[in-house]
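Beneath this line is the structure, given in structure tokens, with notes to follow.
Numbering (the numbering used here), first residue to last: 33 to 283.
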């Protein structure tokens with residue numbers, strides 16, 4: 033009820049905790065957490081729900097989602113934001129498909145220039161092409177799914193948005209890889225700079241994956257391996273957003 037995600041997460045890892053235990057009102061811990069939410073839940077409340085769902089907590093009382101205007105307006109804002117992101121990724125990847133790194137200006141063959149007779153650069157070039165194409169079609173599919181969510185049905189909007197967020201997570205990861213590999217191909221003659229680009233690129237991709245993981249992975253998990261994977265991104269978000277600090281203690 034107090035929305036303390038870090039405390040809830042610690043308790044869920046204790047084998048003595050029964051997440052399906054119900055109170056006198058017939059509510060589980062997840063029911064209680066969801067019943068205390070406001071019209072616009074805070075990120076702290078959302079992290080508390082995720083801590084329970086990652087542990088496999090279930091609801092004892094399942095209510096059908098009603099198509100209320102406030103919720104439709106909330107999802108419309110999310111739809112517009114995701115559609116903008118998907119459109120930007122489609123535009124960037126489309127342009128990147130015709131701007132192949134390592135190609136000479138006076139040659140129409142990508143085998144010339146930096147990639148001449150180099151197995152390593154050939155592998156990196158293939159990685160660039162594959163990553164860019166996966167990002168393009170993932171973001172395009174996400175855009176189509178987001179269009180489906182604009183038909184006015186709240187249940188369809190929720191399903192479409194979950195599908196679109198997963199595809200956008202894949203697209204953003206692939207765009208990051210394509211950017212790293214593309215810059216590496218351009219500066220590959222400078223060994224020190226090329227190594228720097230790879231190292232910083234890998235760190236950036238890891239950071240993006242850690243931040244996006246709570247949105248990218250399923251909200252409910254009954255496998256301990258998945259819980260271990262989601263543990264570190266979850267606590268990173270708790271620390272960054274200061275969700276483990278009481279509201280009165282925040283500056």
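Just so you know, even glycine gets a beta-carbon here, dropped at the ideal spot from N, CA and C.
Of the residues 109, 235, 81, 125, the one whose Cα lies closest to the Cα of residue 193 is 109.
Taking C-alpha positions only, residue 231 is separated from residue 68 by approximately 44 angstroms. Three or more beta-carbon pairs separated by less than 8 angstroms are not found between the segment 186–203 and the segment 213–226, which leaves the two stretches without contact.
Residue nearest to residue 63 within the set 35, 45, 47 is 35 (criterion: CA-CA distance). Secondary structure of residue 130 (DSSP, three-state): coil.
Between residue 157 and residue 217 a beta carbon distance of about 6 angstroms is seen, short of the 8 angstroms cut, so the two are scored as contacting. Sorting 91, 270, 121 by C-alpha distance to the C-alpha of residue 55 places 91 at the top. Contact annotation: residue 171 and residue 209 have beta-carbon atoms that are not nearer than 7 angstroms.
DSSP, read as helix, strand or coil, puts residue 59 in coil. DSSP, reduced to helix, strand and coil, places residue 223 within a helical segment of the structure shown. Sequence-distant partners of residue 84 (beyond 5 residues in either direction) whose C-beta falls short of 8 angstroms from its own C-beta, in its chain, are 40, 44, 51, 61, 62, 65. Around the beta carbon of residue 207, 16 or more other beta carbons lie within 10 angstroms, which makes this residue buried. Excluding sequence positions up to five before and after residue 160, its CB lies within less than 6 angstroms of the CB of 210, 213, 214, all in the same chain and listed in chain order. Each of 117, 260, 190, 274 was checked against the Cα of residue 88, and the nearest Cα belongs to 260.
Using a 10 angstroms sphere on the CB of residue 270, the tally of other CB atoms reaches 16 or more, which defines it as buried. At a Cβ-Cβ threshold of 7 angstroms, residue 118 and residue 174 count as neighbours.
A check of alpha carbon separations from residue 165 across 125, 222, 47, 59 identifies 125 as the nearest. Note on geometry: alpha-carbon atoms of residue 242 and residue 128 lie some 26 angstroms from one another. Between the alpha carbons of residue 114 and residue 266 lies a distance of about 22 angstroms. Residue 219 and residue 237 have their C-alpha atoms spaced approximately 19 angstroms apart. Separation of the CB atoms of residue 205 and residue 240 is rounded to 7 angstroms, and the pair is thereby assigned contact status at 8 angstroms.
Under the criterion of beta carbons closer than 8 angstroms, residue 80 and residue 133 do not qualify as touching, at roughly 45 angstroms. Closest in C-alpha terms to residue 181, from the list 121, 42, 111, comes 111.
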